[in-house]
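These notes are about the structure you will find just below.
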Amino acid sequence: MSARLASLVRKEFTQTLRDIPIVLLVIYTFAEILLCGWALTMDVKHIPTAVLDRDNSPASRTLIARFRQAESFALDFYPVDESELEALIDSGQAALGLVIPPGLGSDLSGGRPASIQVLADGTQSNAALLSLGYVERIVRRYSSAIEVARMSAGPPVIQAREGSLPSVINQVRAWYLPEMRYIHFNAVSMVSLAVVMVGVLLAAAGIVREKESGTLEQLMVTPIRPAELIFAKIAPLVLLEIVGLLIGVLLSFLVFGVAPHGNPVATLALFVALSTLAFLASAGIGIWIATYALNLMQALMLAFFVLFPVMFLSGTITPVSAMPVWLQWLAYASPMTHYLSLALSIFLKGAGIPLVWPHVLALAVFTATILAIALKRFRHSLA
Amino acid sequence: MKALKSRLVSVLRKETREILRDPYTLGVALVLPLVMLFLFAYGVNTDVRDIELVVLDFDRSPASRDYARAFVNSGYFRSVGFAQDYQTLGDLLDRDAADVALVIPPGFARSLSDGEAIQVQTILDGSYTPFAQVAQSYVEAINAAYNGVYAEDYVERHTGQSIDQMIALSVDSRVLYNPGLKSVNSIVPGLFGVILMAFPPLLSALAIVREKERGSIQQVFVSPIRPVELILGKLIPYGVIAFVEMVIVLAGGAFWFGVPFRGSLILFLVASALYVLCTVGIGLFVSTLTRSQVAAMLFATVLTIMPSMLFSGFIFPVHTMPAPMQTYASAFPARTFIDLARGIVLKGQGLGASLPAMGYLAAYAAGLVLISALRFKKRIG
């Protein structure tokens, strides 16, 4: 490293690390994002539910008890009639209404088909869909117990099987994360998001700040080359990124017990290395944006214009394979998609480079390309 | 009063000119909402298809092939082939070459024809949890359907009775407000809350902090312009941009995606105006906390974009979150506004039902402006 570059890098390190609020905010970003990981799940729990039991028989009370036992439902309301039930849903206090019609108990014991009514608030379509599925599951289980009891009283062929019908029991097991708790997935994906977000924003801000204060021209009349300047700008940010990443990983281990799979040191080293590659790609995007922007506000607007789609398409919110094909193509053009896939495989499955090399290659190609483009634009915008 | 008006107008004119001269900021502020509308409307979809399935069939009977075929025929799974042993199966999952493995034990066909229960195994890649959970629910549904058909045959064969007569209890469900459960209908009203929170606070915070960083705010202070005039002059243009953004999303949602609008438009606009006050109020508050634009940017992101996207019920339902996070979510106005917007747009909720939420938003905005004004004055002295 030439003396020129060394002194420039030293200056950038001092300047970046002296800005305590920024350092703290970067660390806070990693921590807050982790908090998100804890709180956000797609399973629906504690759905505020209103129950109108117009039968009030042992059978209806047993059925309601089944709902009370399930974690999915919170039976908060017991309206006295249909209009009160609808008012509860209208006002948004209850998201689900169960109506048990009169005569349910006697229908069931008399062998007549019976049904219960369910009202769901469709304004949150996803939650409504899932909660209807849960209701269906509980009722089915309740019903099949009665069906089996009826059949046992039936013809001897079936009685011989002690009331059981021939059936396939499909036991589902999840590898890598047997409990399928969201927190593992979320912790890794949110920390990865933070890497990309911080990379784009800080790199763009670093260059634009020099532009805005007019010091960029001064730097350009010195013998420092554009590539050296960019290198010096990114170097302290990489340090910040690694520290933030390690804090994020440490927190998710201490608080949520999310540990790297396999050999912790090797897995962590690979994770940090690939995160740094993704960080460089993000910094490249940031610098590229900064060459167009005149001030921080413009840089920020452009950064969000890029960041929102990149974050959204990465698969953190919705699986890539569930998107329409044209969105999938866009998703695979984004470095974040490959990075997330790598992060999950390495951190949670303990995969090594031999298994995940296509994503590593895609990420590396993207990083090289965007840095080259950014450097070219940077030279051009200075000329 | 007249002097105040003319001073305010001149600040407004200067700010408006500055915004209009900046094509990037204005362009992004107006185009990004549409991009987000399209991304979310087309992309937020948990209806996963083409799940890659590998089958390890130890039974190799017509019945076991039939069972495996039920998965592919459902349209949700795509077969990527058959494994011969656990080793290859594990390898495929490790390499991400398959998402789900189905293991059928020997004796599958015989147990079924003898009327017994037989256990098969499904192995999912749990590392991509949202996907794995959806896949699990499909596996359960397909398995239940298969059992239903098989049991129907079996019962008819042995008793001559149709199984339909044997169903004891069924569910008769009705979905209110959004009968087709179209996700775009929930996304659009939620997106108002997100978009209005994403830009106005950030832009208004930066507009003020920029003057601080450059030092030009000192010049403003020695001029006859009062702090309140400066603040209003800075905030009103961004409030207007926010309003235009919202109208764009409203129109895009209604005309492109056919999202119904059941409530009163005027009520909705009033509620949105209150919310915009909250959002620019947050921007103002952030601007009193810091002198550096970069710090303001990070602050605004942490205080606005993250909570409004993630802790507002926009995608993740609030009642599912742990109790402390529900409180955290309620501390930001996005949650209240998104509920209100869905209420007005989808439920056709009237003024009476909307009043508590609107009162909360008004109080929130007033509180923010008050605190910021106090802090702002201190800075000058």
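Line by line, the protein sequences give chains Z and R. For the first sequence, the working numbering begins at 16 and goes up steadily by one. For the second sequence, the working numbering begins at 356 and goes up steadily by one. Backbone N, C-alpha and C define an ideal beta-carbon position, used for all residues, glycine too.
Where residue 337 of chain Z is concerned, there is no enclosing beta strand (DSSP E), because DSSP gives it neither an H nor an E. In this structure the region 608-620 of chain R does not lie against the region 674-694 of chain R, because fewer than three pairs of beta carbons, one per stretch, are closer than 8 Å. In the structure shown, the three-state DSSP call for residue 222 of chain Z is helix.
When the five nearest sequence neighbours on each side are left out, the beta carbons in the same chain lying within less than 6 Å of the beta carbon of residue 150 of chain Z are those of 133, in order along the chain.
Contact annotation: residue 597 of chain R and residue 654 of chain R have beta-carbon atoms that are not nearer than 8 Å. Not a single C-beta of chain R is nearer than 8 Å to the C-beta of residue 229 of chain Z.
Residue 474 of chain R reaches chain Z at 184 and 186, counting residues in chain order whose Cβ is nearer than 7 Å.
Residue environment analysis places residue 574 of chain R among the exposed positions, since fewer than 16 neighbouring C-beta atoms fall within 10 angstroms of its C-beta.
In the three-state reduction of the DSSP assignment, residue 393 of chain R falls in the helix class, which pools H, G and I.
Among the CB atoms of chain R, none fall inside 8 Å of the CB of residue 73 of chain Z. Counting C-beta pairs closer than 8 Å gives fewer than three between the region 611-620 of chain R and the region 642-650 of chain R, which falls short of the contact rule. Residue contact with chain R for residue 90 of chain Z: absent (no Cβ-Cβ distance below 8 Å to any residue of chain R). Burial check for residue 224 of chain Z: the Cβ neighbour count within 10 Å reaches 16 or more, so the residue is buried. Within the region 668-731 of chain R, the complete alpha helix (DSSP H) segments of 4 residues or longer fall at 678-685 and 688-697, listed in chain order.
Residue 84 of chain Z sits exposed, since fewer than 16 C-beta atoms from the chains shown fall within 10 Å of its C-beta. For residue 354 of chain Z, the closest of Z:306, Z:368 and Z:50 by C-alpha to C-alpha distance is Z:368. Shown here for residue 292 of chain Z: same chain residues with a beta carbon closer than 7 Å to its own, the five before and five after excluded, namely 378, 379 and 382 in chain order.
By DSSP's assignment, residue 477 of chain R forms a beta bridge with Z:187 and R:457. When the beta-carbon positions are compared, residue 701 of chain R and residue 540 of chain R come within less than 8 Å of each other. Residue 577 of chain R and residue 571 of chain R have their C-alpha atoms some 10 Å from each other.
Residue environment: residue 395 of chain Z is assigned as exposed (fewer than 16 neighbouring CB atoms within 10 Å of its CB, all protein chains considered). Residue environment for residue 201 of chain Z: buried (at least 16 other C-beta atoms within 10 angstroms of its C-beta). Within the model, the alpha-carbon separation for residue 302 of chain Z versus residue 313 of chain Z is close to 13 Å.
Put simply, the CB of residue 690 of chain R is far from chain Z, with every gap to its CB atoms at 8 Å or more.
A distance below 8 Å between beta-carbons, with the five flanking residues on each side excluded, links residue 44 of chain Z to the following residues of its chain, in chain order: 209, 212, 213 and 259. Taking a C-beta distance under 8 Å as the contact criterion, residue 688 of chain R and residue 630 of chain R qualify as a contact pair. Per the Cβ contact rule, the region 431-438 of chain R is not in contact with the region 148-163 of chain Z (fewer than 3 Cβ pairs under 8 Å). Under DSSP, residue 130 of chain Z shares a beta bridge with R:525. Beta-bridge partners assigned by DSSP to residue 385 of chain Z: none are found. Annotated as proximal: residue 109 of chain Z and residue 63 of chain Z, with beta-carbon spacing under 8 Å. Look at the region 690-714 of chain R: the residues with a C-beta under 7 Å from a C-beta of chain Z are 694, 697, 698, 701, 702 and 708. Taking CB atoms only, residue 533 of chain R has a neighbour in chain Z less than 8 Å away.
Residue 181 of chain Z and residue 490 of chain R do not touch by the CB rule: their CB atoms are close to 25 Å apart, not below 8 Å. The continuous stretches of beta strand (DSSP E) do not include residue 331 of chain Z, and DSSP gives it neither H nor E. Interface with chain R (8 Å Cβ-Cβ cutoff): residue 117 of chain Z is excluded. Residue range 88-92 is occupied by the beta strand (DSSP E) that includes residue 89 of chain Z.
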